[in-house]
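Heads up: the sequence shown is residues 1 to 634, going by my numbering.
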Amino acid sequence: MMLTRAGLVLLVLVAACGGGASAIDARPDVNDGAVDGPADDAAPVAGRLLFVGNSYVYTHDVPGQVRALVGATTEQVTPGGYTLAQHAEDAATPGTALAGWLGDDGPRWDAVILQEQSQLGGYPLGLNYLDDRLASLDAALALGQRAAARGATVILYQTWGRAHGDPTEPMLYGTYTSMQTHLDAGYERMAELLRARGVAVRLAPVGAAFRHVHDGVVAAGGEPTAADSPFLALYDPDGSHPSPRGAYLAACVLAATATGADPRGFADAPALGPTVSASLRASCAAATADARWRGFTHAVEEPPAYVAPRGEQAVWTRYDVATSDDGARVLIAPSRGEARVLRRDGEAWSTEAVLPLPATAAIRALALSADGAVALLGAPEAGVVYAFARDATGWHAEGELTATDAAGLGRSVALSADGATALVAADGRVHGFSRGGGGWSPSGTLAVERAVVALDGTGARAAIADDTRRAIWRRDGATWREEATLMGGGARAVAIDRAGARAAALGSSGASATVSTARRDADGWHDDGDLPAVPDASPTSPSLALAADGTRVVIATPTRASPLGQGAAWSFVRGATGWQLEALIVQGRRADDLQAHGFGTACALADGRVVCTEHGWTAVAWKPGAVRVFRLPP
């Protein structure tokens, strides 16, 4: 299906100025891409690689260097200045070289390497760039599907920014760094799209290896564009095409990505010598080891926990989701006046209970106890929180949580692990409640307006934030006192682990979601590091989840400037040296192009699984809401 303008009516577009790509990739060379068609013998051959690109491939013979490094068999279709859209057109035109290589009667490949024109790869989905970017994505998908039909994995050849930036695109590519940043994001989004369509894809971070050399020069106090700079030495004199050093570095990254081999063991380039070759291989190793470029392959999508009936007007924008600690029960509120408890048996999900609510109830916040037996549902428009509990006979209502100053009560809800203590945010303050005798009673207040709240396992500590500050509070009986002020100002969401020893807060910075963490020890609370900023996130809607043991954080962003406006979730793990990206999660099991818009409106994390809601659209019968489930690496 074509990625047309009609499929973008609800996208968050990146506004930018600029236009079509220049023809700088059209460098003349004796290898002009006019290769012969495939040989008659179409039997699979180990290590068969097909390069589809332009002069960024053939300059200084990158395919030949890959052959030398790993013994692969390579073919290439690389006319100067070509775009993926032109390649896709050729692939669909009988009699062309690429139609032969990727046609039904062509050979099978282990990998097909796709390289986009050097500017197009980083174009955003916005205004003057929209048509070119759509054509690029559409072509990558078409070529990827042809490659998959020939048994190949697609490798995206992430290119590098020009050494001095691109003067033809000063607003977008004014410097090397800005150009590389856009290229990084562009190839990531392209990989997400192919993966979501079922194409096996890897990303070869050649541009990231160039950046590693660049950043090494800066760290040493040097000027990257100085005449004697190791970074500038990666480029031919035009500042765009690779020099012999740059081509060797590109070949190392591509060979390592294709084979999984440790690039530090690759042979030296005879013309470069052992010292330069080893230095370039070290940059290759650093880039290919970065989880950012391989995270999107790590999460396994399981069958959905729930899909609203088609035609049902399920609107999930900024709705919540909650899960039990074992991940076996999930609480959702898919539409006005409706709440459901979903139960997992193996990988099969069913609705355990439909909780009775007033027909007009608009639930915006949810909480579930660790054992999945106590549920709270906040309805801030009505200023009430509905309580339910499960016993041997099933689920039953347990009354309502209310307050005298109830305006906005239920905007954020938190519940202790045992389901005995709750915090509920209202417009004017945060209210505490205690459960006992089959009902709930007030238990103190906190003077924080329009807050977001989270409780630890015992209900003794809470993470609370408003628009200007974030803090940890500690309970002594019915009295809450502020224990520590956390860095970072206001937050849109907060979380705290069961032990009350690690907290996370989600803010926003421009078009990125930012999460900072804090930890507690015998000396009090300390900064525990920031997670890498999540790019392209709508600052109005990201959601946050923290594992019960505090070692994993998930950020979900439902509206992003990525192909089709597709939402995504990022999983980070706490290692010895800080927070690292574990997995980039996109929704692949969808029936149509637009279904993944809104994926990630809310997220929860339990038992190694990420649960994400996906909002539906009113008056669109074919776009129901859903609950998607992903299993993370052990």
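Heads up, the beta-carbon is just placed ideally off N, CA and C, and yes, glycines get one too.
Rounded to whole angstroms, Ala287 and Ala258 show a C-alpha spacing of 14 angstroms. Going by DSSP, Arg519 is part of no alpha helix (DSSP H) but of the beta strand (DSSP E) stretching over 512-521. For His396, DSSP records a beta bridge to Ala389. For Ala185, the three-state secondary structure derived from DSSP is helix.
Restricting attention to Ala147, Ala250, His164, Ala333, the CA atom closest to the CA of Pro237 is found in His164. In the structure shown, Ala99 falls within a helical segment according to DSSP collapsed to helix, strand and coil. Apart from sequence neighbours up to five positions away, the residues of its chain that approach Gly578 with a beta-carbon distance below 7 angstroms are Gly529, ordered along the chain.
The criterion of a C-beta distance shorter than 7 angstroms is not satisfied by Gly439 and Ala478. Runs of the beta strand (DSSP E) lying entirely within the segment 388-472, each at least 3 residues long, are 394-401, 412-415, 421-425, 430-436, 439-446, 452-455, 461-465 in chain order.
With a cutoff of 7 angstroms on beta-carbon distance, Arg631 and Val341 are scored as not near each other.
With the rule of 3 Cβ pairs closer than 8 angstroms, the segment 177-185 does not count as touching the segment 135-151. Your pair Val554 and Ala545 checks out as a contact, with CB atoms roughly 4 angstroms apart and the cut at 8 angstroms. Following the DSSP letters along the chain, one finds Pro274 inside the alpha helix (DSSP H) bounded by residues 273-289. Ala91 is not a Cβ neighbour of Leu84, given a cutoff of 7 angstroms. Secondary structure at Gln86: helix, using DSSP grouped into helix, strand and coil. For Arg108, no beta strand (DSSP E) encloses it, and the DSSP letter there is neither H nor E. The count of Cβ pairs closer than 8 angstroms, one atom from the segment 45-55 and one from the segment 71-79, reaches three, so the stretches are in contact. For Ser118, the closest of Gly161, His526, Asp131 by C-alpha to C-alpha distance is Gly161.
Under the three-state reduction of DSSP output, Ser543 falls in the strand class. Trp160 sits in coil when the DSSP states are folded into three classes, being neither helix nor strand.
Straight through space, the alpha carbons of Arg474 and Ile332 are spaced by roughly 29 angstroms. Here Pro205 is buried, its C-beta having at least 16 other C-beta atoms within 10 Å. Judged by DSSP secondary structure, Arg340 falls within the beta strand (DSSP E) whose first and last residues are 338-345.
Straight through space, the alpha carbons of Arg343 and Ala328 are spaced by roughly 6 angstroms. Ranking Leu401, Trp480, Gly408, Ala417 by CA distance to the CA of Ser441 puts Leu401 first.
Annotated three-state conformation of Arg492 is coil, per DSSP. Using a C-beta cut-off of 8 angstroms, the segment 372-384 makes contact with the segment 408-427, since at least three inter-stretch Cβ pairs fall below that distance.
With respect to Asp320, Ala602 sits close: the two C-beta atoms are nearer than 7 angstroms. Taking 7 angstroms as the cut-off, the Cβ atoms of Ala305 and Val276 do not count as close.
Where Gly216 is concerned, the enclosing alpha helix (DSSP H) starts and stops at 206-219. Secondary structure of Asp476 (DSSP, three-state): strand. Ala142 is positioned such that its CB atom lies closer than 7 angstroms to that of Ala88. Taking a cut-off of 8 angstroms for Cβ pairs, the segment 475-494 and the segment 513-531 touch, as three or more such pairs fall below it. Within the same chain, and ignoring the five residues on either side of Ala353 in sequence, the residues whose Cβ sits closer than 6 angstroms to its Cβ are Val341, Trp395. Non-local C-beta neighbours of Tyr173 in its own chain, meaning closer than 8 angstroms and more than five positions away in sequence, comprise Gln119, Gly122, Gly161, Arg162, Gly165, Asp166, Met179, His182, ordered along the chain.
Within the DSSP bridge table, the entry for Tyr248 names no partner.
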